[in-house]
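Colleague: Handing you a structure now.
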Amino acid sequence: MSLYPPACNEEDIEKVYLEAHLETQIGYTDSGGFFSPNLKSINHLEVGNSKVINSFVVRAIEYLLTLYQRFMIWLKRKYHALFPRRERIIGSAKSAYITGKLTFAKRSDYTTALHHMPLELWARTRWGAWRLFAKGESDKDGIFKLEFDYLISRRWRYSSFHLEIYQVQHVFFERDMLNPEVRLDLFERIKIPKADLTGMGYDLGNIQLFFWEYRGDVQMARVVIKDHEQDAPEYYSDGRNNAIQQQFIPIQLTKDKHLIQIQKDKAHITIPDIQKDYPKNLTVAMEEKLPYSTRCDYWFGRRMMNGMNCATFVPDKVEKDKYWVRYFGACDYEVNDEYAFPSVEMKFHIGPDALPVPEQIITIGPTSNYDKSPFSTQFFTPSDGVKWEYAKRVARVTGALCTELDDHFAGTHANAEQYAIAARRNFRRNPLTTLLFPHLKEVALINHAADTILIGPGYIPRASALTAKGIVKRVTEMMGVLDWKNWEPMEIINARHTYAKAENLFWEVVGEFVDEFFVQFEEGIIKEWYEVYCFSEDLVNHSAAVFHDRKNGEILSKEEQEFEEKRAAYYHARFRYDPDLPRRTVDGVQKAVSPITENQESPTIEEWENLKQACKYIIMQATFMHTWVNEHQYEDIGEVLYSSLGLRFGDKKEGIFLPENDYSISPDLTRATQMMWFSNLLSRTEYGFITRNEENDIDPLFAELLEKRRTAFKELYVEIDNIESRTNI
């Protein structure tokens, strides 16, 4: 066991890496068709057998249904062509009005006004045509008054009236447009009988809308979605759904085939068999070219620094050039009895312009069924031979699950959703809709799907130590170290720290992009500052509790106290969270997210900079930060025996410190194929990229700024065409 494979050096590994990386790059092709299996959308994916239409008869019926749906769409278009909705307002006199007040409908939210909501009053003629009588919007207090021509409204031809309430749904950028186009979608239609409009004024009273409402069953900001197909605050674009069908069906069918094989005769299928049925990932391809290249110490340090984990290296307080990486495992979260999830501390030496070299691995917590002490500690060094190899695998597995939950789901998905909800609830007039909405769309939808597919009763609780309840609690607490204020990109340790260099470079791009936007739209942003204030209030008041308060009031042992302090300090460094900032307390809970502004009318200089910083942070998390961990998953957790999300205790005294060919501690056959399905799902179904701009919803300036740095990013192993514009997978 050594730093490199036998008779090899760093150059050999780097050569193999470049070859394997090119060989395993994910492409995006359209291979669907009538005689191919069909999958309607990501909402139909399941850990078991998903709703893939794989029977010829069922596909034929599905095809006929598709034809019917297309016919109905055609019929609807013809109807709209016959009876177009003209934007010209009928009548000129303002002799009557309808009025009312818009508020949120949730019991804890019904006194909150829905400000600046676009409204229109339409009349329906007896032969089906539509005529616009008035348009306007609610004021800051949610009150609206739409004036219309009373005499014309009494004409026999008009049979009914309808108040329509709209929301900003899509943003489009065209090359020849100075300003982006904002498209409104109908949110609610309220029918008003013509007989009720008999006086000069008609009061609709308090209209309560379930509009981007916050869930009440979790202690972090999540949106209510009752039915992701019919009752969601937004829906996937056709392109997003098409990408799932084009890219993922072969993977889905492979998993379904394995599940049938396992059910019928699991003795004739093995983990290597399962692995071979899926596309090669980076580590598999490298091992074929150069055995031990991905198990050696050099690769271990390289991937911890520049792979999916992109770990935070904290300097040792005493020894120069020594650094620590820490992954905190089961902690006090609810776990099952099948899988181990120890905490891991790794000590590295990082020389000038060199990659990290591991010197010590420490595990804390249960690693076998023979010792379940939460602070059972074991130490490993390279001199331990094969045990060192086992310890590296344990570190990879713990690191993978921590990265998946802490950085990926909490740090990007749930983090982006809290900003998406606050933005959707409050931005209407403000130009910030065009800056933020394209980067925040669909994240609430994919998070809702993840609740079932990945969390409960999804894949991760079945393939790792944490239960669904434990995952929710962990993610909620991780939200307590996420804040826009004082956030900075990762510190670059040396020239080999390519991940940190790429993160800093992208942060530079985001900074230029947002600064230019604020110069261009300064007047409009300040004019509609009230919306910024409401956005900030929603954001702060619904954010999670600060992490470092989670044990306040509890009596802890010395070990527990030291563990909590070490964990909090590492997370603050990891997520660049400033624990010394003053925090708002709401109902006795200290909130994690900082206010952007305390003023309703106009910003101070500090608040103006706060808003810019917050916008940069939002875009950074929803684009680069998510892209990195998402697209590197198949590289680092795409080989079952290299790194899964969990190792089973097994029944041996060695526990999880056993060789890779001892399948008693590996995921079982079902979990093995589900793991491959999971990592392919997350890495192969990306859609919505900044430079590709598939839906014309990204400001061209963003792509231009990236294009100028294409070469610089490529030198850091980053293809700018693969950087996502939003978090939607």
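Residues in the sequence shown are numbered consecutively from 52, following this note's numbering. Glycine residues also receive a C-beta, built at the ideal position from the N, C-alpha and C atoms.
1) On a Cα-Cα basis, can you pick out the residue from V219, F122, Y384, V67 that is closest to P284?
2) Taking all protein chains shown into account, decide if A673 is buried (16 or more other Cβ within 10 angstroms of its Cβ) or exposed.
3) On a CA-only basis, which of H400, R354, Y384 is nearest S394? Give me that one, please.
4) Rounded to whole angstroms, what's the CA-CA distance from Y329 to V691? Just pull it up for me.
5) Between L456, I497, N477, T463, which has its C-alpha nearest V523's C-alpha?
6) Using a C-beta cutoff of 8 Å, does V275 count as contacting chain C?
7) H221 by DSSP, collapsed to three states: which one?
8) Determine the direct distance from the alpha carbon of A624 to that of V369, and round the result to whole angstroms.
9) Under the three-state reduction of DSSP, which class applies to Y287: helix, strand or coil?
10) Can you name, in chain order, every residue of its own chain whose Cβ lies under 7 Å from the Cβ of R547, other than the five neighbours on each side?
11) Within 10 angstroms of its Cβ, does G701 collect 16 or more other Cβ (buried), or is it exposed?
12) Could you pull out every unbroken alpha helix (DSSP H) segment of at least 4 residues lying fully inside the segment 715 to 762, listed in chain order?
13) Measuring alpha carbon to alpha carbon, tell me which residue in G380, T363, L517 is nearest Y374.
14) Enumerate, from N- to C-terminal direction, the unbroken alpha helix (DSSP H) stretches of 4 or more residues contained entirely within the segment 154 to 217.
15) Report yes if the C-beta distance between A391 and T418 is below 8 Å; otherwise report no.
16) State the start and end residues of the unbroken alpha helix (DSSP H) segment that holds I320.
17) Pick helix, strand or coil for H490, following the three-state DSSP scheme.
18) Straight-line CA distance for F134 to R208?
19) Rank I749, K129, H599, Q469 by C-alpha distance to the C-alpha of E225 and give the top, closest one.
20) Kindly indicate the opening and closing residues of the beta strand (DSSP E) around P244.
21) If you drop the 5 nearest sequence neighbours on each side, which residues of the same chain put their C-beta closer than 7 Å to that of D254?
22) Hey, which unbroken runs of the alpha helix (DSSP H) at 4 residues or more fall wholly within the segment 560 to 622?
23) How many angstroms separate the CA atom of D160 from the CA atom of T345?
24) Measuring only the C-alpha atoms, how far is A465 from K578?
25) Would you report the Cα separation of K602 and G416, rounded to the nearest angstrom?
26) Specify, as a first and last residue, the run of the beta strand (DSSP E) that E468 falls within.
27) Scan the segment 487 to 566 and note each continuous alpha helix (DSSP H) run of 4 residues or more that stays entirely inside, going in chain order.
28) Who are the near neighbours of G84 in its chain, counting only those whose CB is closer than 8 Å to its CB and skipping five residues on each side?
29) Going by beta carbon distance, what residues of the same chain come within less than 6 Å of T724, once the five residues before and after it are set aside?
30) Quick one: give me the first and last residue of the alpha helix (DSSP H) that G142 is part of.
31) Using alpha carbons as the reference points, say which of K642, E567, G450, R513 lies closest to L756.
32) Note the first and the last residue of the continuous beta strand (DSSP E) segment covering L260.
33) Using only CA atoms, which one of N779, Q312, N731, R377 lies nearest to T25?
34) Thinking C-beta only, is A595 closer than 8 Å to Q281?
35) Indicate whether T454 and V680 have their beta-carbon atoms separated by less than 8 Å.
36) Strictly by DSSP, which residues pair up with V640?
Modeller: On the basis of the supplied data:
1) Residue numbering aside, residue 284 sits at position 233 when the sequence shown is read from its first letter. With respect to the C-alpha of P284, the residue from V219, F122, Y384, V67 having the closest C-alpha is V219.
2) The count along the sequence shown starts at 1 and reaches residue 673 at position 622. Looking at its Cβ environment, which holds 16 or more other Cβ atoms inside 10 Å, A673 is buried.
3) For the purposes of this step, residue 394 is identified with residue 343 of the sequence shown, where counting begins at 1. Checking every option, the nearest Cα to that of S394 belongs to Y384.
4) Against the sequence shown, residue 329 aligns to sequence position 278. Against the sequence shown, residue 691 aligns to sequence position 640. Straight-line Cα distance between these residues: approximately 11 Å.
5) On the sequence shown, residue 523 is found 472 positions in, with the first residue counted as 1. If we check each option's Cα against that of V523, L456 comes out closest.
6) The structure shown contains no chain C; it holds only a single protein chain.
7) Numbered from its first residue, the sequence shown carries residue 221 at position 170. The three-state reading of DSSP puts H221 in strand, counting E and B together.
8) Here residue 369 is taken as the residue at index 318 of the sequence shown, counted from 1. Here residue 624 is taken as the residue at index 573 of the sequence shown, counted from 1. Distance between the alpha carbons of V369 and A624 is about 18 Å.
9) As a working mapping, residue 287 is identified with position 236 in the sequence shown. Note: Y287 maps to coil in three-state DSSP.
10) Here residue 547 corresponds to residue number 496 of the sequence shown, with the count starting at 1. D404, A405, L406, listed in sequence order.
11) Here residue 701 refers to the residue found at position 650 when the sequence shown is read from its first residue. It is buried - the Cβ of G701 has at least 16 other Cβ atoms within 10 Å.
12) Fully contained in the segment 715 to 762 are the following alpha helix (DSSP H) runs of length 4 or more, in chain order: 720 to 735, 751 to 758.
13) Working through the sequence shown from its first residue, we reach residue 374 at position 323. Minimum Cα distance to Y374 is reached at T363.
14) 201 to 204
15) The sequence position of residue 391 within the sequence shown is 340, counting from 1. The sequence position of residue 418 within the sequence shown is 367, counting from 1. Contact flag set, yes.
16) One-based indexing of the sequence shown puts residue 320 at position 269. Neither: I320 is in no alpha helix (DSSP H) and is coded neither H nor E.
17) The sequence position of residue 490 within the sequence shown is 439, counting from 1. Of the three classes helix, strand and coil, the one that applies to H490 here is helix, per DSSP.
18) Walking along the sequence shown from the start, residue 134 turns up at place 83. Walking along the sequence shown from the start, residue 208 turns up at place 157. So the alpha carbons of these two residues sit roughly 14 Å apart.
19) As a position in the sequence shown, residue 225 is number 174, starting the count at 1. Nearest option by C-alpha distance: I749.
20) For the purposes of this step, residue 244 is identified with residue 193 of the sequence shown, where counting begins at 1. Here the beta strand (DSSP E) through P244 covers 232 to 244.
21) Counted from its first residue, the sequence shown places residue 254 at position 203. The answer, listed in chain order, is T150, G151.
22) 573 to 578, 580 to 592
23) Within the sequence shown, residue 160 is the residue found at index 109, counting from 1. Within the sequence shown, residue 345 is the residue found at index 294, counting from 1. Rounded to the nearest angstrom, the two C-alpha atoms are 53 Å apart.
24) Residue mapping note: residue 465 aligns to position 414 of the sequence shown, counting from 1. Residue mapping note: residue 578 aligns to position 527 of the sequence shown, counting from 1. Going by the C-alpha atoms only, they are around 30 Å apart.
25) As a position in the sequence shown, residue 602 is number 551, starting the count at 1. As a position in the sequence shown, residue 416 is number 365, starting the count at 1. Each residue's Cα considered, the two are about 19 Å apart.
26) Numbered from its first residue, the sequence shown carries residue 468 at position 417. Unbroken run through E468 is the alpha helix (DSSP H), 466 to 477; no beta strand (DSSP E).
27) 494 to 501, 510 to 514, 519 to 529
28) In the sequence shown, counting from the first residue as 1, residue 84 sits at position 33. With a pLDDT of 41 at G84, under the threshold of 50, the modelled position of that residue is not reliable, and no figure is offered here.
29) Locating residue 724 in the sequence shown gives position 673, counting from the first residue. Closer than 6 Å at Cβ, skipping near neighbours: K306, H309, I325.
30) Within the sequence shown, the letter at position 91 stands for residue 142. No alpha helix (DSSP H) contains G142, which DSSP labels as neither H nor E.
31) Mapped onto the sequence shown, residue 756 falls at position 705. Checked all of K642, E567, G450, R513; the closest Cα to L756 is E567.
32) Start at 1 with the first residue of the sequence shown, and residue 260 comes out as number 209. Run containing L260: 252 to 260, per the beta strand (DSSP E) assignment.
33) The structure shown has nothing for residue 25, since the chain only spans 52 to 780.
34) Position 230 of the sequence shown, counted from the start, is the residue given in the question as residue 281. Position 544 of the sequence shown, counted from the start, is the residue given in the question as residue 595. No.
35) Numbered from 1 along the sequence shown, position 403 holds the residue referred to as residue 454. Numbered from 1 along the sequence shown, position 629 holds the residue referred to as residue 680. The answer is yes: Cβ separation under 8 Å.
36) Here residue 640 refers to the residue found at position 589 when the sequence shown is read from its first residue. Per DSSP, V637.
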